[in-house]
Structure formats: structure tokens, C-alpha cells
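Protein chains: 2
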Amino acid sequence: MGEENGGGLPESVELAWGLRDRPGKGPKRTLSLKGIVEAAIRVGAAEGLEAVSMSRVAAEAGASTMALYRYVPSKGDLLTLILDELLGPPPGPPEPGTGWREALREFAVALREVIGRHPWALSIPITGPPVMPNNVAWMEAGLRRMRGTGLDSGTRLSMLTLLTGYVRFTAALIHDLESATRAAGKTDQQVAVDYGTVLAAVTEGGDFPELRAIVAEQLFTRPGDDTPEDEFEFGLDCLLDGLEARVRRAGG
Amino acid sequence: MGEENGGGLPESVELAWGLRDRPGKGPKRTLSLKGIVEAAIRVGAAEGLEAVSMSRVAAEAGASTMALYRYVPSKGDLLTLILDELLGPPPGPPEPGTGWREALREFAVALREVIGRHPWALSIPITGPPVMPNNVAWMEAGLRRMRGTGLDSGTRLSMLTLLTGYVRFTAALIHDLESATRAAGKTDQQVAVDYGTVLAAVTEGGDFPELRAIVAEQLFTRPGDDTPEDEFEFGLDCLLDGLEARVRRAGG
DNA sequence: GCGATACTGCGTAGGGTATACACATCACCG
DNA sequence: CGGTGATGTGTATACCCTACGCAGTATCGC
């Protein structure tokens with residue numbers, strides 16, 4: 047990854063914020079950072095993150111592999127830039143008069159949608175606290191929606207981390223299961239049924255009575271009226287309930 | 047990854063559960079699956095997941111690279127086996143008379159500790175629903191601790207997924223930040239201060255008033271009495287509050 | 001106007017990865 | 001005892017990232 051440079055900021059951060067003085071000395075540049083990131087996103091969207099190699103991206107951008115390194119210090123930095131580009135700007139403020147809970151809920155759902163559009167990017171590793179432009183903007187937006195809670199900054203920051211973390215990991219879980227399903231060439235329904243079968247086989251021994259009961263209940267083999275999105279909403283509401291309890295406790 | 051075989055179970059699952067008939071035809075085996083997994087864990091613990099390559103593991107186990115493929119269908123399957131080995135058996139039942147909330151809390155903390163002992167393994171991708179032996183045992187233990195809630199199986203399963211997911215993703219977040227800190231050769235304190243500096247620089251423009259206020263509050267530059275573990279506890283209690291609200295609502 | 005300079009894109013090369021395949025060897029089964 | 005199949009190993013393929021050197025080009029200082 048791009049090391050510290052003189053200015054104190056990591057290289058990819060400066061790139062993302064568009065700092066970085068590029069004096070016009072040599073030949074004109076034929077590519078652009080934005081173009082490269084977009085090419086990388088095209089590759090990722092079409093073939094998944096594992097297909098995002100420097101040579102593949104270079105081909106997509108219409109240049110040689112090594113040309114990319116004139117724009118990006120390393121592949122890791124490119125991935126970080128992809129992440130922020132995909133995130134995009136946060137949603138605008140909620141309707142006036144919206145309570146903090148509903149506002150936060152909207153926020154989480156918006157994030158879920160953004161991630162849902164490019165779930166392949168979820169495997170890009172997080173390398174530090176949020177410093178990229180869009181990421182910072184989302185933080186700001188989230189904090190603003192928590193104004194009505196009356197909580198101090200530290201607690202609000204913790205809550206925001208908790209909420210975005212939840213959205214992220216749930217989306218990752220859903221995506222992992224879906225891609226595993228796709229890789230096995232089955233339908234969701236088929237996977238659920240198979241899971242029930244495996245669990246049934248595995249719980250035969252008499253240990254695992256709880257699981258055995260669930261299998262016997264045919265929770266997996268019945269047609270699934272419980273989609274992953276339902277699971278997401280369940281957890282989200284649960285989390286918001288927890289936040290609400292805290293807010294009420296602090297307010298009293 | 048190991049494909050389906052005749053029996054219907056993925057290969058790594060059969061391996062983990064110790065099914066798999068190995069008739070004694072050829073030469074005696076010089077290695078063992080357990081030994082290989084343990085060698086891999088030694089490598090991972092010492093040098094991180096990225097160092098866990100087939101050749102490195104083979105060297106650690108005292109064999110050639112290709113010998114491993116006589117025991118494991120692919121690297122992916124080896125990683126899955128590592129994950130379950132590290133998980134180990136779940137904690138025993140709580141003290142008699144313990145309420146469901148405290149029981150679940152203990153459960154989560156136990157999971158956090160197990161993960162905390164080998165955080166490098168968190169980057170191993172999840173490839174499907176939980177079917178490995180220890181994973182299934184943890185599920186069973188978790189479900190049992192929710193007996194007192196009086197909720198139906200589906201809801202309890204959702205809650206368990208939520209809780210274990212939370213522990214996992216929080217641990218991952220903490221570990222990512224810590225390893226980023228270590229990679230940059232700084233202390234936690236230094237990173238926090240630097241983060242404050244970056245945020246200050248970035249929020250200079252007048253957008254981001256919320257963040258600006260936080261920076262001005264010196265939330266980052268003050269000596270950190272708020273450890274990552276505190277953050278973990280915060281989120282955990284928040285989640286349990288949410289669960290409790292649901293249980294109470296269902297009970298009434 | 002004219003170097004000097006610095007930046008451009010690119011080709012090569014080196015070291016890393018996973019794993020398919022062929023091969024000699026060994027231990028059991030009939 | 002011969003056949004057979006499993007074992008461990010070496011080789012080969014096809015990738016990956018990126019350090020380095022090179023030729024060409026656009027600007028700056030004089």
C-alpha cells in the first residue's frame with residue numbers, strides 16, 4: 047500500500063481528495079485516475095473481485111499493465127479508491143420532522159442499497175479508519191441524523207460504527223451465501239433443502255436436540271417466505287430497538 | 047473448493063466430520079489431516095493468513111507441496127477446516143438459574159475470546175451455511191441458551207445469526223484497524239491523533255460541521271480511555287437491549 | 001532557441017501463487 | 001506372488017504483483 051509521504055497523509059487519500067500537484071512537465075497523460083477506477087469497477091462488476099487484476103484493469107482501460115502504476119501506488123490503493131467511488135455521495139437529509147429513528151433507518155437502508163449494487167466489492171479489505179471523501183461524507187450525514195438523540199459525540203460515533211458495521215456484515219453474509227449458491231449451481235430453495243438434509247444427517251447422533259427439533263419442524267424444507275432482505279430488516283429493527291433503549295435511558 | 051461427491055456432502059464437510067473411508071491399500075500415510083491443519087494454523091498464527099500458502103504449510107508439516115493434495119481437495123477446503131479447528135468446542139451450559147440475556151452475553155463473550163486468539167483467521171471467506179462440526183455445536187449451544195426467551199425456532203435462529211455475526215464483524219473491524227496500526231509502525235494513540243489531524247485537514251472546507259465539532263472537541267487527541275473492547279461491549283449491550291425488547295414484546 | 005529535466009508509457013524480468021499431471025514406490029488383496 | 005491402487009514427489013502451466021530500465025516527450029530556465 048502507499049506509504050506515508052511528506053505531507054503526512056497516505057498516498058491514496060491524497061489521490062482520492064484530488065490533492066497531489068501534477069506539474070506539467072513530461073508528456074500529456076493518456077489515462078486518468080477516474081478512468082482507471084471506473085475500468086476496474088467495470089471489471090469487478092462483470093467478473094467479480096478476483097478478476098480485478100492489474101493486467102485485466104489495464105486492458106480494460108486500454109493501456110499496458112505498468113502504465114497503471116503511474117497513477118496508483120499499488121493495487122491496494124486502487125482497491126481503496128474503488129470502494130469510495132462505489133460508495134458515492136450519501137443521501138440527502140430526511141424529510142423535515144422525521145424522527146431520529148426513522149432517519150437512521152433510511153440511512154441504513156440507503157447504505158444497504160448502495161452495497162447491494164456492488165456486493166463483490168465487500169471483500170476489499172478495510173485498511174484503516176474512514177478517511178476517503180465519500181466515506182467521510184456518509185459519516186457526516188449519519189451523525190447529522192442522530193442530532194435528535196441528544197447523545198454526546200462519542201456515543202453517536204459508536205452508534206454509527208455499529209450501524210454501518212451491521213449493514214456491511216449482513217450484506218457480506220448475504221452475498222457470500224448467494225455466491226456460494228450460484229457457484230454450486232443451485233437455487234436458494236435447493237440450498238435450504240440441502241442444508242436441512244445435511245443438518246438432519248449430522249444431528250442424527252442424539253447430540254444437538256435443539257437443531258434436531260428445528261430440522262423436524264421442517265424450517266428449511268418449507269417454501270421460504272423468509273428472504274435475506276427480511277433477515278436484514280429483522281436485525282436492523284433489533285439494533286434500532288437497542289439504540290432507542292439507550293437514548294431513552296440517557297434522556298431520563 | 048471440493049465439489050459435491052456421491053454422498054451429497056461437500057468433501058471438506060465429510061473430512062471434518064471424519065467420514066471418508068480410507069482403505070489401506072497403498073503405502074502408509076506419513077501425514078494426517080489434523081497435522082496439516084495444525085501446521086497451517088502455526089503458520090497463520092506466526093505470520094498471518096497471507097503467509098498460509100500450500101508450499102509454506104507443506105514445509106511446516108515436513109512434506110512437499112503436492113503431498114497436501116492427498117489430504118485436502120483444495121486450499122479453500124483447508125481454510126474451511128482451519129476455521130472450524132480454531133473455533134473449537136463451545137462453552138458448556140451457564141450456571142443454573144442464569145437468565146437468557148446473561149447466558150447469551152456469556153456466549154458472545156466466549157466467542158469473542160476464541161476469535162481474539164486467532165484474529166488473522168477472520169479473513170477466511172465463508173462459503174456457505176454452517177455445517178462444520180464445531181460450528182454446528184456452537185449453534186446448538188447458542189440455541190439452547192435462548193430456551194428461556196419462549197420464541198419460535200425461526201426467530202431464535204435469526205437472533206443467533208445476528209449475534210454471532212455481530213461478534214465476528216466487530217472482531218474483524220478491531221483486527222483490521224490494529225493490523226493497519228502495526229503495519230504503519232504506530233501506537234493506537236498515535237493513530238488516533240493522526241486520524242484527528244487528517245479529519246481536521248479534510249473538514250476544513252466548512253462542509254462536515256458535525257465532524258468538525260467532534261474534531262474540535264478533541265475526541266481523538268485526548269488520551270483514549272475508550273478501548274476497542276469497550277466498543278465491543280457497547281455494541282453487544284445495545285444488541286441485547288434490542289433482543290430483550292423483542293422478547294418482551296412477544297411475551298406480552 | 002536550446003539544453004536540462006522530469007515525467008510519460010511500456011517491456012522485461014523476478015519471485016510469488018495454486019494446482020494438473022506423470023512417475024516411481026510401496027502395501028495390501030486375491 | 002502378481003496386480004492394483006494409494007502415496008509422495010517433481011515438473012509444468014498459467015496466473016499474479018511490481019521493481020527496474022528504457023525511449024520518447026513536454027515543459028522550464030537560461
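Residue numbers (my numbering), protein chains in the order written: chain A, 47 to 298; chain B, 47 to 298.
Beta carbons: idealized from backbone N, C-alpha and C, even for Gly.
Remember, it's a predicted structure, so these values are computed and weren't measured experimentally.
Between the alpha carbons of residue 130/B and residue 153/B lies a gap of roughly 17 Å.
Taking a cut-off of 8 Å for Cβ pairs, the stretch 240-260 of chain A and the stretch 241-256 of chain B do not touch, as fewer than three such pairs fall below it. Uninterrupted alpha helix (DSSP H) stretches at least 4 residues long and entirely within the stretch 65-116 of chain B occur at 79-93, 100-107, given in chain order. With fewer than 16 other Cβ atoms inside 10 Å of its own Cβ, residue 233/B counts as exposed. Restricting attention to 176/B, 110/B, 118/B, 146/B, the CA atom closest to the CA of residue 192/B is found in 146/B. Within the stretch 201-213 of chain B, those residues whose Cβ lies closer than 9 Å to any Cβ of chain A are, in chain order, 201, 202, 203, 204, 205, 207, 208, 211, 212. When secondary structure is reduced to three states using DSSP, residue 172/B falls in the coil class, being assigned neither helix nor strand. Within chain A, the residues whose beta carbon sits less than 9 Å from that of residue 174/B are 222, 223, 226, 227, 230, 237, 241, listed in sequence order. Neighbourhood of residue 185/B in chain A, by CB distance below 7 Å: 257, in chain order. Boundaries for residue 63/A: no alpha helix (DSSP H) harbours it, and the DSSP string shows neither H nor E there.
Residue 73/B counts as exposed, since fewer than 16 other C-beta atoms from the protein chains shown sit within 10 angstroms of its C-beta.
Residues of chain B whose Cβ lies closer than 7 Å to the Cβ of residue 291/A are, in chain order, 287, 291. Residue 235/B and residue 272/A have their C-alpha atoms some 45 Å from each other. Around the Cβ of residue 117/B, a 10 Å sphere holds 16 or more other Cβ atoms; the residue is buried. Secondary structure of residue 232/A (DSSP, three-state): coil.
Residue 103/B has a beta carbon lying at 9 Å or more from every beta carbon in chain A. Fewer than three beta-carbon pairs drawn from the stretch 173-180 of chain B and the stretch 270-289 of chain B are found closer than 8 Å, and the two stretches are therefore not classed as touching. Taking C-beta atoms under 8 Å as the contact rule, residue 97/A and residue 165/A fail to qualify, at a distance of about 15 Å. Using beta-carbon distances, residue 158/A does not count as an interface residue toward chain B, since no partner is under 9 Å.
DSSP, read as helix, strand or coil, puts residue 142/A in coil. For residue 126/A, the enclosing alpha helix (DSSP H) begins and ends at 121-133. Here residue 290/A is buried. Its C-beta has 16 or more other C-beta atoms within 10 Å.
By the C-beta density criterion, residue 212/A is buried, having at least 16 other C-beta atoms within 10 angstroms. Among the CB atoms of chain A, none fall inside 9 Å of the CB of residue 166/B. In the assembly as shown, residue 231/A is an exposed residue. Its beta-carbon has fewer than 16 other beta-carbons within 10 Å. The stretch 78-89 of chain A makes contact with the stretch 100-119 of chain A: 3 or more CB pairs, one atom from each, lie closer than 8 Å. Membership of residue 278/A in the alpha helix (DSSP H) is indicated by the continuous run 274-297. Residue 266/B sits in coil when the DSSP states are folded into three classes, being neither helix nor strand. For residue 278/A, there are no neighbours in chain B by C-beta distance under 7 Å, as the nearest C-beta there is about 10 Å away. As the crow flies, the alpha-carbon of residue 242/A is around 33 Å from that of residue 171/A.
Residue 296/A has its alpha-carbon roughly 17 Å from the corresponding atom of residue 286/B. In this structure, the alpha-carbon of residue 138/A lies about 11 Å from that of residue 190/A.
Out of 197/A, 225/A, 188/A, the CA that lies nearest to the CA of residue 207/A is found in 188/A.
Counting the other CB atoms within 10 Å of its CB gives residue 205/A a total of 16 or more, which places it among the buried residues.
By the Cβ neighbour-count rule, residue 112/A is exposed, with fewer than 16 other Cβ atoms within 10 Å of its own.
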